[in-house]
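Student:
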Amino acid sequence: MQGIICLLLLFFNAVEMLAQSQRKKQASAGSLENCTGCVLCSEDNGCVACHPRLFLLIRRDGIRQYGVCVHTCPPGYFGARGLELNRCTRCRSPSCESCFSRDFCMRCKEKFYLHKGQCLRQCPPGTAARPGARECQEKAEPKNKGKKQQKKQKTDSPAGT
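Residues 859 to 1019 (the working numbering) are what the sequence shown spells out, left to right.
1) By the 10 Å Cβ neighbour count, where 16 or more other Cβ atoms means buried, how is F936 classified, buried or exposed?
2) Suppose the cutoff is 6 Å on Cβ atoms and the five residues either side in sequence are ignored; what does the same chain contact list for R917 look like?
3) Which residues does DSSP pair with S1029 in a beta bridge?
4) Assuming C946 and L914 form a contact by the criterion Cβ under 8 Å, report the distance between their Cβ atoms to the nearest whole angstrom.
5) Say the cut is 6 Å; is the CB of C893 nearer than that to a heavy atom of the ligand GDP?
6) Taking CB distances under 7 Å as the criterion, tell me whether A907 reaches chain C.
7) If you drop the 5 nearest sequence neighbours on each side, which residues of the same chain put their C-beta closer than 6 Å to that of C981?
8) In this structure, does DSSP put K916 in helix, strand or coil?
9) Hey, how far is the Cα of P932 from the Cα of C949?
10) Let me check understanding here. Comparing Cα to Cα, which of P910, N903 and H929 lies closest to I921?
11) Please name the residue, chosen from G940, P952 and F958, that lies closest to R979 on a Cα-to-Cα basis.
12) Could you tell me the distance, in whole angstroms, from the CA atom of P989 to the CA atom of V928?
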């Protein structure tokens, strides 16, 4: 009776070891060819975790997603460092080429102008496109304009007031 129990225990132990081996094959530590920089890699989804200085970039293809470890995030993304995972996060605005955070753009795509962290089709009133850049800047008033208007108001005002 004890021999049968020992054989059953050995059999179940062998089955458990085989299952663990299969799981390790699916999530191996960077041994797959497309898992450069990965700490943990999945055969189906690529990188799941990256080395501490790298960012995890999730590429989407339809409903499938695939992880890649990168040194810098590509255009349209910014790097967000976390305690357990550094991740590339997409800028919220599709017209943003480079962003500091999800909602603050630093450089816009062509045909857009940067104004206070936002990408606009045209510069808002009181601003103008800066020459040679896709940025809006405040329009500068001529230095003497204010003084001329004050003199004009004084001469235009009726006498005795």
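Idealized CB from N, CA, C, for every residue including glycine.
Tutor: In short, the structure shows the following:
1) Start at 1 with the first residue of the sequence shown, and residue 936 comes out as number 78. Buried, by the Cβ-count rule.
2) Numbered from its first residue, the sequence shown carries residue 917 at position 59. Result list for R917: Y924, in chain order.
3) Nothing in the structure corresponds to residue 1029, since the chain is present only between 859 and 1019.
4) Along the sequence shown, one-based indexing puts residue 946 at 88. Along the sequence shown, one-based indexing puts residue 914 at 56. Going by Cβ atoms, the distance from C946 to L914 rounds to 7 Å, so yes, they are a contact pair.
5) The ligand GDP is not among the ligands present in this structure, which contains no ligands whatsoever.
6) Any reference to chain C falls outside this structure, which holds one protein chain only.
7) As a working mapping, residue 981 is identified with position 123 in the sequence shown. Closer than 6 Å at the Cβ level, and outside the excluded window around C981, lie Y971, A987 and C994.
8) Position 58 of the sequence shown holds residue 916. The sequence shown places Ile at residue 916, not Lys. Looking at I916 - three-state DSSP - the assignment turns out to be strand.
9) Walking along the sequence shown from the start, residue 932 turns up at place 74. Walking along the sequence shown from the start, residue 949 turns up at place 91. Cα-Cα distance, rounded: 11 Å.
10) Here residue 921 is taken as the residue at index 63 of the sequence shown, counted from 1. Taking only the C-alpha atoms, the option nearest I921 is N903.
11) What you label residue 979 is simply residue 121 of the sequence shown in a count that begins at 1. Among G940, P952 and F958, the Cα nearest to that of R979 is on P952.
12) To locate residue 989, count along the sequence shown from 1; it is residue 131. To locate residue 928, count along the sequence shown from 1; it is residue 70. One C-alpha to the other measures close to 34 Å.
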